[in-house]
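For reference, each letter of the sequence shown is one residue, going 1 to 495 in the UniProt record's numbering. Each residue gets a CB set at the ideal place from its N, CA and C atoms; glycine is no exception. These figures come from a predicted structure and were not determined experimentally. Note sheet for the following structure.
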Amino acid sequence: MTIAPGAPATVSLWRDTERCYRAVASRDSRFDGQFIMAVRTTGIYCRPSCPANTPKPQNVRFYPTSAAAQSGGYRACRRCLPDAVPGSPEWNVRADLAARAMRLIADGIVEREGVPGLASRLGYSERQLGRVLTAELGAGPLALARAHRAHAARMLIEMSSLPLTDVAFAAGFASVRQFNDTIREVFAATPSQLRASRPRQDNDAAGLRLSLRLPFRPPFDAAGLLAFFAQRAVPLVETTGPGTYARTLRLPHGPGVVRLTPEPDHVRAELNLADVRDLSSAVTRVRRLFDLDADPQAIGDVLAADPALAPVFDPGIRVPGAADGHELVFRAMLGQQISVAAARTAAGRLTAELGDPLPDALAADGLTRLFPTAAAIAEHGREVLRGPRKRNEAICDVAAALAAGAVTVHVGRICAELRADLLALSGIGPWTADYVLMRVLGAPDVLLTGDVALRKGAAALGLPDDPAALSERALAWRPWRSYAGMHLWRASAGV
């Protein structure tokens, strides 16, 4: 195992005003989502690639987030839609408090649990949290959550026929007045005006079936990602077909189903949700599942420079994420020391026996169940699991710990702390713990040197296959060792 626990924060791009202005002047879309440009003379904020005339340097100010620009009194540009871009890759690279907070805010924690819940999950007081976020991101947790709600509301306004009153509460606003005021301040238009200006939509009238375009930074290795999920697809939970992947989702307010189809410049996500309040959480989890916020340019600058990786380097490669932390823990444990196919069969049997059935309105095309909860596995897993008794006992014990909250697995955890918590559980070793960090937290700098297939791939590329020697050699790949590992896995399969 090679990991950089508690990796230091990267230097924030938005502070480099000369580099940011060069990106704006060239309308470089690779920087969309990495910083915000605010124009003093117009009072609006834009994405770097906004097609409008480039403002003079003295009239521009850069911000790390939309929330910071909004707090500065700027409103969103209605021409370039600065919030409809890939998220900043910085929140995955950084392991500090601000990055972990941003990941939880994107998942809707503030809407569900308030700022106290966010602070509790991060292990800080509300005052400490507010001070750090304001210093790092230019806005406190309430302002960041407000920007998140505004973006969710705009998606619902423009992509559904849901009544605007329902949109307000579905997006997490406490009142219709708060909703109206926020939309007017952020977008310089009323909710009714935004809806009137939208293009024709074919989405479900109830607002529960939505088709969204999820942007990414090209290139994007869709074929490799789809192949990874196809090999591991759990029956009843996941299905794959030519150019598409679909799965069930366990969301905060109910179940959902998503079908993902990569296109040349975006991933089309067809969502069917039991509760429209889960839209933001569903989108966030799907983006993490397909690693859509990755920065191929930054990754390539490091990995393509290595003479061993350069011949096989794929600039669009992604690290597959996870739709649910608990699910990934169990699937990783089921996959210990057995083939991918055998692990898939075991997970399918567990799902068929213990997974909650989807409502009839959601079930379709072989997607009929949710992956079992930790509580269900803790209570009934021994009756269903087959294979080594010791492993089955360990899975059930881990399930009990997760169900009781003794160990928490969510995107706000610190890598080193979560790893220590997992390793303290019987039946979880370094490979399983690190695999969880890589896929659940989206940790970009994890190399599974204990993985036999990964070492086989290293040998095929002329790299050391001894774990210690490979770890030493891999120092040159920081902070992108997870992506290097994907290349080694691919090399082992001869792809």
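Distance between residue j and residue i (C-alpha atoms, nearest Å)
i: W477; j: Q337; result: 27 Å
i: D28; j: R213; result: 20 Å
i: A132; j: R391; result: Reading off the sequence shown, one finds Val at residue 132, where the question assumed Ala. When rounded, the distance between both Cα atoms is 42 Å.
i: R94; j: W14; result: 15 Å
i: A227; j: Q58; result: 49 Å
i: M155; j: S471; result: 44 Å
i: P315; j: F220; result: 8 Å
i: D293; j: F216; result: 6 Å
i: G207; j: P163; result: No answer about G207 holds up, because its pLDDT of 42 lies below 50 and its placement is not dependable.
i: N92; j: M438; result: 10 Å
i: Q34; j: V167; result: 28 Å
i: T42; j: G72; result: 13 Å
i: D181; j: S175; result: 10 Å
i: A298; j: P320; result: 18 Å
Identity of the residue in the options nearest residue i by Cα
i: R481; options: T284, A460, L454 and I105; result: L454
i: A416; options: L441, A401, G427 and P89; result: L441
i: S281; options: G73, G224, R103 and V237; result: R103
i: R259; options: A246, R184 and P252; result: A246
i: L118; options: L142, D96 and A135; result: L142
i: P89; options: R30, A403 and G140; result: R30
i: N272; options: I299, Q193 and L210; result: L210
i: R47; options: R19, T41, R79 and D465; result: R79
i: A101; options: H148, P262 and Y74; result: H148
i: R473; options: L194, E353 and L303; result: L303
i: R184; options: Q70, C20, T432 and V398; result: Q70
i: S26; options: P359, T54 and T17; result: T54
Which of helix, strand or coil DSSP assigns to residue i
i: L289; result: helix
i: D181; result: helix
i: I105; result: helix
i: A401; result: helix
i: N92; result: helix
i: E18; result: helix
i: E383; result: helix
i: N392; result: helix
i: L236; result: coil
i: R146; result: helix
i: G207; result: The predicted model places G207 with a pLDDT of 42, which falls under 50 and marks its position as unreliable; any figure quoted below should be read in that light. Coil at G207, not helix or strand.
i: L257; result: Before going on, a small fix: residue 257 reads as Val here, not Leu. Residue state, collapsed to three classes: strand.
i: Y124; result: coil
i: H326; result: helix
i: G43; result: coil
i: I428; result: coil
i: Y483; result: helix
Expected contact under 8 Å - CB spacing of residue i and residue j to nearest Å
i: L289; j: A322; result: 7 Å
i: L236; j: G348; result: 7 Å
i: P372; j: T351; result: 6 Å
i: G387; j: L447; result: Incorrect: roughly 28 Å between the Cβ atoms, too far for contact.
i: A233; j: L362; result: Going by Cβ atoms, the distance from A233 to L362 rounds to 18 Å, so no, they are not a contact pair.
i: G87; j: R331; result: Not quite, the Cβ-Cβ distance comes to about 25 Å (not below 8 Å), so this is no contact.
i: G130; j: G140; result: 4 Å
i: residue 513; j: L279; result: Nothing in the structure corresponds to residue 513, since the chain is present only between 1 and 495.
Short CB-CB distance (under 9 Å) between residue i and chain B
i: E263; result: In the structure shown, chain B cannot be found, because there is only a single protein chain.
The segment 395–412 touching the segment 49–65, judged by at least three CB pairs closer than 8 Å: no
Three or more C-beta pairs below 8 Å linking the segment 457–468 and the segment 420–437: no
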